[in-house]
Amino acid sequence: MLLGKMMRGISIGLLIGILVMGLLPFLVIFNWAEMQNIVELESSPLFMLLRRFVGPKPISERKIEQKQTDLTK
2 MLLGKMMRGI
12 SIGLLIGILV
22 MGLLPFLVIF
32 NWAEMQNIVE
42 LESSPLFMLL
52 RRFVGPKPIS
62 ERKIEQKQTD
72 LTK
């Protein structure tokens with residue numbers, strides 16, 4: 002009986018630990034977005050993070066603008 006309770010406690014602890022470790026990256030990104038004050042914009046913090054790296058315009062529009070500036074030079 003003692004071994005069964007011990008194994009049950011260990012398995013529950015492992016499941017909670019795995020759940021917490023899985024949610025940690027999302028909580029870190031949400032906390033970062035809250036510090037940057039972009040949560041009030043009612044958009045996903047992950048979208049805002051990706052938009053910072055990708056840029057506000059689609060790649061096809063940026064390529065067209067780059068070609069137009071190259072032609073004017």
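When we follow the working numbering, the leftmost residue of the sequence shown carries the number 2, and every step to the right adds one. From the three backbone atoms N, C-alpha and C, an ideal C-beta is built for every residue, glycine too.
Consult DSSP for asparagine 38 and reduce its assignment to one of helix, strand or coil.
Reading the sequence shown from its first residue, position 37 is the one you call residue 38. Three-state result, asparagine 38: coil.
In whole angstroms, give me the CA-to-CA distance for glutamate 35 and leucine 25.
In the sequence shown, the residue the question calls residue 35 occupies position 34. In the sequence shown, the residue the question calls residue 25 occupies position 24. Taking the Cα positions, glutamate 35 is about 15 Å away from leucine 25.
Measuring only the C-alpha atoms, how far is isoleucine 17 from isoleucine 65?
Along the sequence shown, read from residue 1 onward, the residue named residue 17 stands at position 16. Along the sequence shown, read from residue 1 onward, the residue named residue 65 stands at position 64. Taking the straight line from one Cα to the other gives about 51 Å.
Can we count tryptophan 33 as close to the ligand GDP, meaning its CB is less than 6 Å from some heavy atom?
As presented, the structure is devoid of all ligands, the ligand GDP included, so that no description of it is given.
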